[in-house]
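In this note's numbering, the protein residues as written are 27 to 353.
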Ligand SMILES: Cc1cc2nc3c(=O)[nH]c(=O)nc-3n(C[C@H](O)[C@H](O)[C@H](O)COP(=O)(O)OP(=O)(O)OC[C@H]3O[C@@H](n4cnc5c(N)ncnc54)[C@H](O)[C@@H]3O)c2cc1C
């Protein structure tokens with residue numbers, strides 16, 4: 027059973043760019059890369075298994091990074107890191123600085139992926155209670171027995187907290203600030219068929235993502251502004267200007283949508299995944315921060331293995347819940 031305060035799949039997972047690879051992957055902890063590389067490989071089979079009318083529109087476009095080598099980094103070091111995780115890459119010459127092409131990077135269209143997942147869940151017999159907010163857990167000593175919601179109490183002997191940026195308030199003993207919202211603003215330009223952008227392009231953290239219909243999604247800001255999905259015109263104008271500079275034929279394309287979402291941040295940028303050490307039956311899957319979508323299939327597999335007492339494919343230690351609890 028899924029309990030969601032709003033319509034499931036309308037928060038960060040809806041708002042994101044849907045790039046199935048960390049941006050500047052070599053700047054992330056290995057624990058993030060481990061989940062992301064497994065997740066990226068699991069997507070095709072996962073999507074194939076969803077027997078639903080909605081298509082998530084996954085497409086392998088590759089990602090071209092115009093400024094891959096940052097201060098204190100070298101092309102050699104970046105290449106070695108990518109090799110370690112089995113990520114094919116190619117250096118492109120031409121300009122004054124090396125550019126990097128990751129040819130296997132794919133993206134999905136978030137709202138469609140989320141719709142397809144909801145459809146698949148319902149057709150598998152999973153009940154989705156939309157517009158039903160979890161207020162707090164029902165506990166019997168150190169064991170979870172259910173969830174108290176705005177629609178009444180539900181009994182359950184296993185509960186997973188996967189409430190994104192809002193997870194901390196539901197987690198007993200979580201330190202303040204252990205999971206927090208990080209706003210990202212995005213915009214989308216109308217579909218155009220001439221001089222189509224074929225690859226994801228990225229420079230200085232701003233990325234342009236081509237969708238199948240010829241539209242382009244541009245992101246994103248990284249703002250520590252609390253639970254506030256406000257869109258501001260300065261940030262939007264900066265994203266738009268960068269996009270038109272990187273791909274000039276976008277100039278003049280109409281902006282069809284602007285939005286913001288709240289990523290679930292964690293202090294060490296590593297997801298929080300596993301059993302609550304003090305409460306039997308309680309589990310967490312949150313803190314996906316900037317890569318929650320790319321990591322999702324692997325995060326879900328890891329949690330499912332732990333919940334079923336199977337030995338997981340990845341070492342769960344870096345993700346343990348205990349690290350966000352007060353002493
Ligand atoms: C602008 C932006 C761009 C991004 N780009 C990418 C990208 O390209 N690639 C990538 O991999 N990741 C990206 N991300 C990150 C990724 O989207 C997130 O890490 C991921 O979606 C988090 O998923 P989640 O399920 O934990 O949180 P969410 O998708 O936010 O879901 C949390 C759910 O919990 C529900 N909820 C909250 N409180 C309660 C409650 N009390 N009771 C019941 N339900 C509750 C909410 O309604 C919501 O449905 C991006 C994020 C943003 C915002």
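Ideal Cβ positions, reconstructed from N, Cα and C, are used throughout, including at glycine.
Remember, predicted model here, so these are calculated numbers, not experimental data.
task = Taking only heavy atoms of ligand 1 into account, decide whether any of them is closer than 8 Å to the Cβ of residue 321.
result = yes
task = Using 8 Å as the cut-off, classify the Cβ of residue 211 as near or not near the heavy atoms of ligand 1, replying yes or no.
result = yes
query = Roughly how many angstroms lie between the CA atoms of residue 201 and residue 292, to the nearest whole one?
reply = C-alpha separation (whole angstroms): 11 Å.
task = Please name the residue in 258, 280, 223 and 238 whose C-alpha comes closest to that of residue 272.
result = 223
Complete runs of the alpha helix (DSSP H) confined to the stretch 148-203 [at least 4 residues] = 193-196
ask   = Nearest CA to the CA of residue 264: which residue from 297, 316, 252 and 211?
value = 211
ask   = Rounded C-beta distance between residue 228 and residue 62? I'm assuming under 8 Å.
value = Not quite, the Cβ-Cβ distance comes to about 16 Å (not below 8 Å), so this is no contact.
task = My understanding is that residue 310 touches residue 299, with C-beta atoms under 8 Å, so please give their C-beta distance in whole angstroms.
result = 7 Å
query = So what's residue 242 in DSSP terms, helix, strand or just coil?
reply = strand
message = Give me, in chain order, the residues of the same chain whose beta-carbon lies closer than 8 Å to that of residue 138; leave out the 5 immediate sequence neighbours on both sides.
response = Excluding sequence neighbours, residue 138 sits near 80, 81, 82 and 83.
ask   = What's the call for residue 133, buried or exposed, on a 16-neighbour Cβ count within 10 Å?
value = Per the 10 Å Cβ criterion, buried.
query = Does DSSP classify residue 83 as helix, strand or coil?
reply = coil
message = Taking the straight line between their C-alpha atoms, what separation do you get for residue 296 and residue 218?
response = Near 38 Å, if we compare the C-alpha coordinates of residue 218 and residue 296.
query = Closer than 8 Å: is that where the CB of residue 296 sits relative to any heavy atom of ligand 1?
reply = no
task = Check whether the Cβ of residue 32 sits closer than 8 Å to any heavy atom of ligand 1, and report yes or no.
result = yes
key: Assigned secondary structure, residue 233 (DSSP; H/G/I helix, E/B strand, else coil)   = strand
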